[in-house]
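The block underneath contains the structure these notes are about, expressed in structure tokens.
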Amino acid sequence: ADVPAGELRYIKLDPAPGQVLGTLRNRSLEEATGDFMAQWDDDDWYHPERIERQARVLMGDANNHAQDNHAQGADACCLAGSLMHVDHPEYFDLPYVGYLPHGIPGTIMHRRNDTIRYPSERAGEDTTYLDHWLGKRYQKLPASEAGLFIRCFHGTNTWEMNHFVRRMRNSPAKLMRYLFYRYVIRDLSKNPLFRLDEGVRRAFETYLAESRQLGLFRHG
Numbered sequence: 398a399d400v401p402a403g404e405l406r407y408i409k410l411d412p413a414p415g416q417v418l419g420t421l422r423n424r425s426l427e428e429a430t431g432d433f434m435a436q437w438d439d440d441d442w443y444h445p446e447r448i449e450r451q452a453r454v455l456m457g458d459a460n461n462h463a464q465d466n467h468a469q470g471a472d473a474c475c476l477a478g479s480l481m482h483v484d485h486p487e488y489f490d491l492p493y494v495g496y497l498p499h500g501i502p503g504t505i506m507h508r509r510n511d512t513i514r515y516p517s518e519r520a521g522e523d524t525t526y527l528d529h530w531l532g533k534r535y536q537k538l539p540a541s542e543a544g545l546f547i548r549c550f551h552g553t554n555t556w557e558m559n560h561f562v563r564r565m566r567n568s569p570a571k572l573m574r575y576l577f578y579r580y581v582i583r584d585l586s587k588n589p590l591f592r593l594d595e596g597v598r599r600a601f602e603t604y605l606a607e608s609r610q611l612g613l614f615r616h617g
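Here the working numbering = 1-based position in the sequence shown + 397.
Here is the structure:
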């Protein structure tokens with residue numbers, strides 16, 4: 398759908414000393430005029446329904462499917478897990494859902510708050526920012542919603558490829574399965590980690606089609 402006139406603004410900033418991700422995100426918070434705010438990165442993929450589904454959690458929609466749903470709505474929410482895709486020959490056909498204990502910081506949507514801000518850091522600023530919201534009415538959307546956000550490694554990310562790959566093995570159980578299927582079975586694709594449920598698989602296929610149409614992939 399078209400965005401109503403006046404509701405979409407582009408703000409271009411010239412490079413300046415100390416202008417790191419944290420300060421840029423704070424600038425966006427200051428410029429935003431709405432009641433709800435969502436982190437958005439231009440090198441990740443978002444499902445067309447991402448904003449709608451997370452907004453339902455903030456509004457207290459009884460059908461929002463969030464964990465620990467509260468009728469009065471949440472102050473902030475994130476996805477419990479996100480789909481991960483690595484544009485590299487070894488991993489291109491192995492998308493998987495990665496989890497973090499408190500949810501995925503890059504998927505945060507929250508109510509306007511004029512006191513909570515990002516730290517002035519180059520990387521990891523969104524994790525610190527999320528920490529400030531955990532003591533409020535915070536909810537996580539379940540794993541079935543992981544297809545709302547696909548985190549993509551394309552080669553020029555803030556984080557190196559290992560940051561994306563290590564989430565395949567970021568627990569003792571995951572590490573043992575990873576080593577077993579890579580070095581014993583010699584076929585990583587058989588690892589249950591790479592089995593996606595139907596909804597998440599459909600989201601990944603849409604992401605592949607759109608990215609190929611735009612010529613974004615280096616491989617595949």
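Positions of the beta carbon are idealized from the N, C-alpha and C atoms, including for glycine.
No experiment lies behind these values; they were computed from the predicted model shown.
Excluding sequence positions up to five before and after residue 540, its CB lies within less than 7 Å of the CB of 477, 478 and 494, all in the same chain and listed in chain order.
In this structure, residue 554 places its C-beta atom within 8 Å of the C-beta atom of residue 440. If you ignore the 5 residues before and after residue 531, its C-beta comes within less than 7 Å of the C-beta of 499, all in its own chain and listed in chain order.
Classified as buried, residue 419 has 16 or more neighbouring CB atoms from the shown chains inside 10 Å of its CB. Beta-bridge pairing by DSSP links residue 480 to 494 and 547. Just measuring C-alpha positions, the residue of 430, 557 and 426 sitting nearest residue 403 is 430. Our two residues, residue 569 and residue 563, have alpha carbons roughly 12 Å apart in a direct line. Contiguous alpha helix (DSSP H) elements confined to the stretch 539-589 occur at 558-562 and 569-576, taking only those with 4 or more residues.
In the structure shown, residue 604 adopts helical secondary structure according to DSSP, grouped into three states.
Within the same chain, 433, 470, 471, 474, 506 and 508 come within 7 Å of residue 455 by CB-CB distance, once the 5 residues on both sides are set aside.
Contact between residue 597 and residue 550 does not hold, since their C-beta atoms are separated by about 18 Å, which reaches or exceeds 8 Å.
Distance check between residue 594 and each of 543, 548, 437 and 615 places 543 closest, using alpha-carbon atoms only.
Residue 423 and residue 552 have their C-alpha atoms some 26 Å from each other. Between residue 442 and the set 425, 503 and 401, the nearest pair of CA atoms involves 503.
According to DSSP, residue pairing for residue 433 in a beta bridge involves 508. For residue 588, the closest C-alpha among the options 491, 437 and 408 is that of 491.
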